[in-house]
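S.K.: Here it is, the structure in full.
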Amino acid sequence: MAILAEQTANFSPREQVALAYVDQMMAYHGVIPDELMSQVKAHFSEDELVALTFHIGLMNAANWFVIAMELEQE
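In the working numbering, the protein residues as written are 2 to 75.
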């Protein structure tokens, strides 16, 4: 997490929490620790959290599709 904090030092707290959420979702297959979820809920409404989570899943699925189909991105 130290590297992420270093790279996102100029980001707003809301952006930092969103990136930590994305990182956790991707690294741990959607398992979010209670502490991080509390931080996320402090910065995002329920509707925003649904939209953010959906978008993360959609982008992940799109990437899996590209990999599975052996498509090259230009």
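Every residue, glycine too, gets a C-beta built ideally from N, C-alpha and C.
Since the structure is predicted, the reported quantities are computational estimates derived from the model, not experimental observations.
Using a threshold of 8 Å, state whether the C-beta atoms of H44 and V23 are closer than that.
M.R.: In this structure, V23 does not lie closer than 8 Å to H44 by Cβ.
S.K.: Can you have a look at V32 and say buried or exposed, based on whether 16 or more other CB atoms are within 10 angstroms of its CB?
M.R.: Exposed: under 16 other Cβ atoms inside 10 Å.
S.K.: At what residues does the alpha helix (DSSP H) containing A19 begin and finish?
M.R.: Where A19 is concerned, the enclosing alpha helix (DSSP H) stretches over 14–28.
S.K.: I need the straight-line Cα distance from V51 to V41, nearest angstrom please.
M.R.: Their backbone Cα atoms lie some 11 Å apart in a straight line.
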